[in-house]
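Trainee:
Protein chains: 2
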Amino acid sequence: MTVESLRSAGLERELLLLGLVRRRDRHGYELAEFVHAHLGMFFDLKRATAYHLLGKMEEAGWIVSREEREGRRPTRRVYAITEEGETIFQELLRDSLQDFKPASFPSSVALLFLDALPGSRGSELLERRAEKIRALLSELEADAAHGPHALLDHRIRYLTMELEWLDEVREGLDSP
Amino acid sequence: MTVESLRSAGLERELLLLGLVRRRDRHGYELAEFVHAHLGMFFDLKRATAYHLLGKMEEAGWIVSREEREGRRPTRRVYAITEEGETIFQELLRDSLQDFKPASFPSSVALLFLDALPGSRGSELLERRAEKIRALLSELEADAAHGPHALLDHRIRYLTMELEWLDEVREGLDSP
DNA sequence: CGACACCTATTCAAGATTGACTAGTTGATA
DNA sequence: TATCAACTAGTCAATCTTGAATAGGTGTCG
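Just so you know, the protein sequences line up as chains A and B, in that order.
Residue numbering for the first sequence is 848 to 1023, as defined by the numbering used here.
Residue numbering for the second sequence is 848 to 1023, as defined by the numbering used here.
1. Between the alpha carbons of P921(B) and D1021(A), how many angstroms are there, rounded?
2. Classify S985(B): buried if its beta carbon has 16 or more other beta carbons within 10 angstroms, exposed otherwise.
3. Please name the residue in G966(A), A957(A), M904(A), L961(A) whose C-alpha comes closest to that of F936(A).
4. So L964(B) contacts chain A; which residues on that side make the cut at Cβ distance below 9 Å?
5. Going by CA-CA distance only, name the one from L983(B), H993(B), R1017(B) that's closest to R1004(B).
6. Strictly below 8 Å CB to CB, what residues from chain B border K948(A)?
7. Give me the Cα-Cα distance between R976(B) and L939(B), rounded to the nearest whole angstrom.
8. Answer yes or no: do L878(A) and A897(A) have a C-beta to C-beta separation smaller than 7 Å?
9. What does Y926(B) reach in chain A if we use C-beta pairs closer than 7 Å?
10. What does a CB cutoff of less than 6 Å around R923(B) pick up in its chain, not counting 5 residues either side in sequence?
11. Strictly below 9 Å CB to CB, what residues from chain B border V1016(A)?
12. Using the Cβ count rule (16 or more neighbours within 10 Å means buried), how would you classify E955(A)?
13. Run down chain B in chain order and give the residues with a C-beta less than 7 Å from the C-beta of M1008(A).
14. Could you spell out the range, first to last residue, of the beta strand (DSSP E) harbouring V956(B)?
15. Please tell me whether K903(A) has its Cβ less than 7 Å away from any Cβ of chain B.
16. Show which residues of chain A have a CB atom less than 8 Å away from the CB atom of G875(B).
17. Can you name the start and end residues of the beta strand (DSSP E) that V1016(B) belongs to?
18. Measure the CB-CB distance between R1017(A) and S970(A) and report whether it falls below 7 Å.
19. Alpha carbon to alpha carbon, what distance is there between E1015(B) and I980(B)?
20. For A997(A) and A884(B), what's the separation of their Cα atoms in angstroms?
21. Quick one: which chain A residues come within Cβ less than 7 Å of L973(B)?
22. Mind checking G908(B): buried by the 16 CB within 10 Å criterion, or exposed?
23. Would you kindly report the start and end of the unbroken alpha helix (DSSP H) that includes A927(A)?
24. Give a yes or no on whether the minimum CB-CB distance between W909(A) and chain B is below 7 Å.
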């Protein structure tokens, strides 16, 4: 993969793994668990996908692996970043920081079909949705008490926005 | 696919296509073009994916197709919703309205690695990101002048939130 | 009317994603 | 010390996604 073709190609998962391997050598399972445990709230990266991505990145020469064994546990494939990987990382990071791709909101598909519901059932259903958002928000606000964190702040703002928007949609439904 | 297994399974694209076919019979190309032209700003559904989904839904019995031909144009596979499809649609719609799955924000991965940049390059790169968001916002605000629209409003709120968040992140970077 | 660009409609193959499976290790407890 | 649950580590097959290819039709401009 060339440096040029990296531009605006959706390589955020690769950036994530590469950046973690860059901090220190890691094996696949460890990486996947780390992302799940510490970043799972923000990013979705399944174990099998992580292995696939690591394989691809090794093939591309961004990282190299060595076999390692601790005690009598199964051998692990431990990855380390290469010089080329470091170059790619810097490239990906710059591109990714200055680029912006809007998120997509599949949950909002349903809003297109509110008119297909009998009576004014919509507002009632959306209230349950709002309740779920409020639950997520209070979890996040508890986490945020443990110190500030840009991603956590982002998520809180996002959920707050969803809630405000929903309120407005429901107002529009209730007073037609 | 059973009605039970529909709950919280990410069937928004199916809901979208099913809902459009429900409004009136449509063929694959037409559906894909409609989504691209009128909803492309909100939902990403590639042509080939639409065909795939329609095939799946037909196999599941939610829709049926007939061959149709207008003039001497290539034959089309025109889909119509079935009774079972109508049931599923109602089910999907209810579930989807009352459920909430937070969106994911791949663009924010890069923020994890701000410390890997030399100097205070970060703020500069993020300013370009902000500029892109502002450009998107002013397009949307022009569209919004043509009358209100819940999805458009959602998107405007979302981008505004991103911008506010970015400002805060950059403040944190500039005064450490 | 011939050539060329663009529109309609779908299929296909390559690649990405993930749930389920395999296979062993460790630790607790009875 | 046998058993069972939970943890570690990775692979695989089924499914999903999509860029590219196919195969025509229509319009227009000289």
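Cβ atoms here follow ideal geometry from the backbone N, Cα and C, with glycine treated the same way.
For clarity, every value in this text was computed on a predicted model and none was experimentally measured.
Mentor: With the structure as the only source:
1. Working through the second sequence from its first residue, we reach residue 921(B) at position 74. Working through the first sequence from its first residue, we reach residue 1021(A) at position 174. Looking at the two C-alpha atoms, the distance is approximately 47 Å.
2. Locating residue 985(B) in the second sequence gives position 138, counting from the first residue. Flag for S985(B) reads exposed.
3. Taking the first residue of the first sequence as position 1, residue 936(A) is located at position 89. That would be M904(A), whose Cα lies nearest to the Cα of F936(A).
4. Counted from its first residue, the second sequence places residue 964(B) at position 117. Within chain A, the residues near L964(B) are Q937, L940, R941, L944.
5. The sequence position of residue 1004(B) within the second sequence is 157, counting from 1. For R1004(B), the nearest C-alpha among the options comes from L983(B).
6. The residue you call residue 948(A) lines up with position 101 of the first sequence. Simply P953, S954.
7. Position 129 of the second sequence, counted from the start, is the residue given in the question as residue 976(B). Position 92 of the second sequence, counted from the start, is the residue given in the question as residue 939(B). Approximately 36 Å, taken between the alpha carbons.
8. The count along the first sequence starts at 1 and reaches residue 878(A) at position 31. The count along the first sequence starts at 1 and reaches residue 897(A) at position 50. Yes; because the gap between Cβ atoms is below 7 Å, this pair is in contact.
9. Position 79 of the second sequence, counted from the start, is the residue given in the question as residue 926(B). The contacting residues do not exist; Y926(B) stays about 17 Å from chain A at best.
10. Stepping through the second sequence from its first residue, residue 923(B) is reached at position 76. Result list for R923(B): H874, E915, in chain order.
11. Walking along the first sequence from the start, residue 1016(A) turns up at place 169. Going along chain B in sequence order, the residues near V1016(A) (Cβ under 9 Å) are A997, D1000, H1001.
12. On the first sequence, position 108 is the one that residue 955(A) refers to. Note that residue 955(A) corresponds to Ser in the displayed sequence, not to Glu. The residue is buried, with at least 16 neighbouring Cβ atoms inside 10 Å.
13. Here residue 1008(A) is taken as the residue at index 161 of the first sequence, counted from 1. What M1008(A) touches in chain B: R1004, Y1005, M1008.
14. Counted from its first residue, the second sequence places residue 956(B) at position 109. Looking at the DSSP string, V956(B) is not in any beta strand (DSSP E), and its letter there is neither H nor E.
15. Position 56 of the first sequence holds residue 903(A). No, K903(A) does not count as interfacial toward chain B.
16. Taking the first residue of the second sequence as 1, we reach residue 875(B) at position 28. What G875(B) touches in chain A: nothing, since even the nearest Cβ is about 18 Å away.
17. Residue numbering aside, residue 1016(B) sits at position 169 when the second sequence is read from its first letter. Not the beta strand (DSSP E): V1016(B) falls in the alpha helix (DSSP H), residues 997-1021.
18. Here residue 1017(A) refers to the residue found at position 170 of the first sequence. Here residue 970(A) refers to the residue found at position 123 of the first sequence. Yes.
19. Within the second sequence, residue 980(B) is the residue found at index 133, counting from 1. Within the second sequence, residue 1015(B) is the residue found at index 168, counting from 1. Near 15 Å, if we compare the C-alpha coordinates of E1015(B) and I980(B).
20. Looking up residue 997(A) in the first sequence gives position 150. Looking up residue 884(B) in the second sequence gives position 37. Taking the straight line joining both Cα atoms gives about 35 Å.
21. What you label residue 973(B) is simply residue 126 of the second sequence in a count that begins at 1. Neighbours of L973(B) on chain A, chain order: L944.
22. As a working note, residue 908(B) is residue 61 in the second sequence. Flag for G908(B) reads exposed.
23. Against the first sequence, residue 927(A) aligns to sequence position 80. Taken as a continuous stretch (DSSP letters only), A927(A) belongs to no alpha helix (DSSP H), being part of the beta strand (DSSP E) at 923-928.
24. As a working note, residue 909(A) is residue 62 in the first sequence. So no, W909(A) is outside the interface.
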